[in-house]
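Single-structure report; data block below.
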Amino acid sequence: MKATQRVWVRTMVGTAAAAAMGTAWAQETLKIGLLATLEGPFAAPGQDSMRGADLALKHHNGMAGGKKIEFVKVSSDATPDKAVNATRKAVEQDKVQIMIGPLSGDEGIAVKNYAKTQPNITFINGSSGAQATTLSDPAPNFYRFNTEGAQWMVGLGEHALAKGYKKTFLIAEDYGFPYSQVQGFMASYCAKGGKVVDKAWVPLGTKDYASVIAKIPKDVDALVVVLGGSDAVNFLTQYEQTGGNKPMVGGSITVDQTVLNYKGKRRESLLGTASAGPMADSIDTPEWKKFVADYKASFKDGFPSPSLFAYLYYINTKAALDGLDAVKGDLSNGQKAYREALQKTNFKGPAGEVKIDSNRNGVGATYITEVAKAADGSYYNKVVKTVPGISQTLGLPEAEFKKMGLGSRDVPDCRK
Amino acid sequence: MNTSAGAGARPLRVVGTVPTPSAGAPTRLRSALRSIGVRHIVVLLAVLLYPVVATPFFTYQIGAQALALGLIALSLTLLGGYGGMVSLAQMTVAGIAGYMVAIFGSSSVATISLGWPWWLAVVLAIGIATVVATLIGWLSVRTEGIYTIMITLAIGVAFFYLAQQNYALFNGFQGFNKVVAPTVGEIDFREPVPFYGLTLACSLAGYGLVQYLVRAPFGVALQGIRDNPRRMNALGYHVTAHRVAAYALAGLLAAVGGVLMVWYNGRISPGSANTGAMINILIIAVLGGMKRPLGAFIGAIVFVLLQNFAIDLVDRERFNLVIGGVFLAIVLFSPDGLLGLWAKLRSRLQQSRHSNQRRRQ
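Those protein sequences? They're chains A and B, same order as listed.
Numbering (the working numbering) for the first sequence: 35 to 450.
Numbering (the working numbering) for the second sequence: -3 to 357.
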């Protein structure tokens, strides 16, 4: 009898101690939701996004604002429905106070709309780059520290004209992100006298480009190709097979590492292809080199160098954690102090300054690159020009930008 | 099991009482009421009290979503389980209803949405989707088995690409945002508890309708056609007409589910009705068991729970393995789904009790 009593008392004491420790530990931990696409067509970029966020946390030693940070990771398959479901799970079930994500453009718009129903939670973008997320009807608690699809192409228009491409034919995928990219390119290209004689909008995942290739006029100087991943590879292969030889200007994800690594004669002719983006593999600054070295050291299973997605998740996560440090982890009063700190964010990221405008959208640099051959025979994007401080209105006055409207199939237009 | 017993019992009663034709329905109603047992009341109380105990997240994302998906899967159970026609296009019908709500009602795309009152949009959406479902049925009833699956899959994929590439009506890849549930009087159906109530009411109505149908002469004839269409034809039943009617009724259920889904998501785009979504409905129906209407909802609950919480169980990049593993295990060990598993378990328990009693004697 006595023995059982003793055991019972011991158990109670033990449980109480464990509970006390548990609550003490819980006070020190802050949960941050992290959403990326671990399923579907963007599964590989989604994984790399998570690496970017993990690296930012590692640079903070797993702490921010005096608290231990715990990521609650959730996944979508790049459909907005799933992105909102996953976000809702992290916010309402796992009770995260800060939410980072999502990865792709239309997901971003959907999550921004959900953010409006959760005013006490702060939402920070992952890598999504749709213009409308912060330009039309923005949510006061949705922050995007990266620049978006249209901003990534600013300066490429002038560069194409400088290379002598006065008349171009455009081929792009038919959804929001390429619309933005094309607008970023055409806004300055058209203004400075370039002509885009025709646009071919192809559905995402198109396999056969024969009809598009047949439509390319003989007298254009170059092609503007805003395709991504397998679409880009398919188009380039088929264009080569039909004997096409026009030079090309690419979008931000057209001539990335996946495309440059493909085998084919056409690869030779990719040399000199100009493209633009918020980062490049070969930025020659100590910050970027340290970022790449840290990425390689931390993730043995990662890519040869961090992808665009890893970089974007990195800067957004870093901004979120820096903000927590600035307010010493104080998220009281509807996170008012924290949001003021986020608004003041201004740090030197791996690829230039990170700061935001009054719509809480990133203002930053764009890198104009050209495909070059390295000493070991591999292909890479060489930085030829840096355009700093690009705003979401693409360097135009706000009224003029509003007159043009957001990028779509028919906006902007300069055929003749 | 239940249904065949009910169907067998009815003619006897009819012979005994010689009812006037109008008495048929009340008799059926009475027999339906009589079949309500204690367990039904317990389940009803549980689902009614659920939002009181559950958090808003569980009420909305788990409860309401499972019920709406269950309703669409129920339409497949009606077609597949009772009609022997496995249609993959049920999500397409739901998607069409969702799109129609966005097009006739209001959304963020002001150039396409007509902005009509929500009730008119809903009536039109359900009407149009039901007509489309009837047409799909009319096209595919002349096929059997795997060919039905193929043709409905083809229709579903065709609709997906139409929605993705048509800008005048479906707004292409981006679809429609801000398609929100209405506020009726004081009740805002965007809130978790009212929306749960709405989906629950629709689901109970759908469940009741299917339960009633499968005992009604139409349902019994449908099951006869499922088991032996040639014999039913010889008996003078119009096989094609019965099958098309089953598609229409299933279409009605899927359309209501589709309206609920578009309100649940607050948006619709081609991805909402892609091949993955179409197959999810099949998985839900098979998971729960296609022999009884309840299976659709059981399957939906398990499916939604897995989709939400599998990521917490294992390594984040491998969570789809858990979902796949569970589905595989259920299909492998019980071809009749979870309900079949339950029935097997119960009969085994009873058997062992019997044998125990015998041993004691």
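From the three backbone atoms N, C-alpha and C, an ideal C-beta is built for every residue, glycine too.
None of the values given here were measured: they were computed from a predicted structure.
Expressed to the nearest angstrom, what Euclidean distance is found between the alpha-carbon atoms of residue i and residue j?
i: B/Val82; j: A/Val397; result: 53 Å
i: B/Ile58; j: B/Val300; result: 6 Å
i: A/Ala256; j: B/Ala273; result: 40 Å
i: A/Ala60; j: B/Ala251; result: Because the pLDDT of A/Ala60 is 48, which lies under 50, any placement of that residue in the model is unreliable, and the question is left without a value.
i: B/Thr271; j: A/Gly74; result: 12 Å
i: B/Thr144; j: B/His350; result: 44 Å
i: A/Ala406; j: A/Arg301; result: 11 Å
i: B/Met286; j: A/Ser309; result: 54 Å
i: A/Leu428; j: A/Val254; result: 26 Å
i: B/Arg227; j: B/Gly247; result: 27 Å
i: B/Leu120; j: B/Val97; result: 8 Å
i: A/Thr332; j: A/Ala77; result: It should be noted that the sequence gives Ser, not Thr, for residue 332 of chain A. Between A/Ser332 and A/Ala77, the C-alpha separation is close to 20 Å.
i: B/Ala85; j: A/Ala360; result: 54 Å
i: B/Ser18; j: B/Gln219; result: For B/Ser18, the predicted model reports a pLDDT of 49, less than 50, meaning its position is unreliable; a value from the coordinates is still stated below. Distance between the alpha carbons of B/Ser18 and B/Gln219: 24 Å.
i: A/Val289; j: A/Ala266; result: 8 Å
i: A/Lys280; j: A/Ser264; result: 20 Å
i: A/Thr305; j: B/Gly91; result: It should be noted that the sequence gives Leu, not Thr, for residue 305 of chain A. If I take the Cα positions, the gap works out to 46 Å.
i: B/Leu324; j: B/Gly181; result: 46 Å
Quick check: is the beta carbon of residue i nearer than 8 Å to any beta carbon in chain A?
i: B/Phe169; result: yes
i: B/Asn304; result: yes
i: B/Gln86; result: no
i: B/Gln219; result: no
i: B/Ser268; result: yes
i: B/Gly262; result: yes
i: B/Gln207; result: no
i: B/Thr107; result: no
i: B/Pro371; result: This structure cannot settle anything about residue 371 of chain B, because the visible part of chain B is limited to -3 through 357.
i: B/Arg344; result: no
i: B/Pro52; result: yes
For residue i and residue j, which I take to be in contact (beta-carbon distance under 8 Å), what is that distance rounded to the nearest angstrom?
i: A/Tyr177; j: A/Phe203; result: About 38 Å separates the two Cβ atoms, so there is no contact after all.
i: B/Tyr192; j: B/Tyr56; result: 7 Å
i: B/Leu290; j: B/Leu335; result: 7 Å
i: B/Gly295; j: B/Gly321; result: Incorrect: roughly 16 Å between the Cβ atoms, too far for contact.
i: A/Arg124; j: A/Gly67; result: Position check: residue 124 of chain A holds Ala in this sequence, whereas Arg was assumed. Correct: roughly 3 Å between the Cβ atoms.
i: A/Leu342; j: A/Ile287; result: 7 Å
i: A/Gly191; j: A/Met220; result: 7 Å
i: A/Asp140; j: A/Pro114; result: 5 Å
i: B/Asn162; j: B/Gly171; result: No, B/Asn162 and B/Gly171 are not in contact; Cβ-Cβ is about 11 Å, not under 8 Å.
Determine, using beta carbons only, whether residue i and residue j come nearer to each other than 8 Å.
i: B/Val255; j: B/Ile264; result: no
i: A/Ala354; j: A/Ile132; result: yes
i: B/Ala69; j: B/Ile280; result: yes
i: A/Asp82; j: A/Val106; result: no
i: A/Asp208; j: A/Val236; result: yes
i: B/Arg211; j: B/Gly80; result: no
i: A/Ala399; j: A/Pro431; result: no
i: A/Leu294; j: A/Tyr413; result: yes
i: A/Ala356; j: A/Thr379; result: Sequence inspection shows Asp at residue 356 of chain A; the Ala mentioned does not correspond to that position. Cβ distance < 8 Å, so A/Asp356 and A/Thr379 count as in contact.
i: A/Leu440; j: A/Ser170; result: yes
i: A/Tyr347; j: A/Ala164; result: no
Please confirm whether residue i has its beta-carbon closer than 8 Å to some beta-carbon of chain B.
i: A/Arg394; result: no
i: A/Arg85; result: no
i: A/Ala244; result: no
i: A/Ala144; result: yes
i: A/Lys92; result: no
i: A/Pro237; result: yes
i: A/Ile293; result: The question names Ile, yet the displayed sequence has Val at residue 293 of chain A. Cβ-Cβ to chain B under 8 Å: no for A/Val293.
i: A/Asn147; result: yes
i: A/Arg301; result: no
i: A/Pro251; result: no
i: A/Lys123; result: yes
i: A/Thr113; result: yes
i: A/Ser109; result: yes
i: A/Ala58; result: Per-residue confidence for A/Ala58 stands at a pLDDT of 47, beneath the threshold of 50, marking its modelled position as unreliable; the derived number appears in the next sentence. So, not an interface residue.
Would the C-beta of residue i count as close to the ligand NAP, meaning under 7 Å from any of its heavy atoms?
i: A/Ser332; result: For the ligand NAP, the structure offers nothing, since it holds no ligand at all.
Which runs of the alpha helix (DSSP H) spanning at least 4 residues fall entirely within the region 277 to 322 of chain A, listed in chain order? Fully enclosed alpha helix (DSSP H) runs of no fewer than 4 residues occupy 291 to 294, 300 to 303 of the region 277 to 322 of chain A, in order along the chain.
In the region 226 to 256 of chain A, which residue ranges form an unbroken beta strand (DSSP E) of at least 3 residues, counting only runs that do not cross its ends? Fully enclosed beta strand (DSSP E) runs of 3 or longer: 229 to 236.
Listed from N- to C-terminal order along the chain, which residues in the region 177 to 209 of chain A have their beta-carbon within a distance smaller than 9 Å of any beta-carbon of chain D? The structure shown has no chain D; the protein chains it does contain are A and B.
Runs of 4 residues minimum, wholly inside the region 67 to 138 of chain B: which ones carry the alpha helix (DSSP H) assignment? Runs of alpha helix (DSSP H) with 4 or more residues, each lying fully within the region 67 to 138 of chain B, are found at 86 to 100, 114 to 136, listed in chain order.
So within the region 361 to 409 of chain A, which uninterrupted beta strand (DSSP E) runs reach at least 3 residues, ignoring any that extend past its ends? Fully enclosed beta strand (DSSP E) runs of 3 or longer: 381 to 383, 386 to 390, 396 to 407.
Enumerate, from N- to C-terminal direction, the unbroken alpha helix (DSSP H) stretches of 4 or more residues contained entirely within the region 179 to 235 of chain A. Within the region 179 to 235 of chain A, the complete alpha helix (DSSP H) segments at least 4 residues long are 190 to 196, 210 to 225, listed from N- to C-terminus.
Please go through the region 220 to 263 of chain B and give each complete alpha helix (DSSP H) segment of 4 or more residues, from N-terminal end onward. Counting only runs of 4 or more, we get 225 to 230, 235 to 261.
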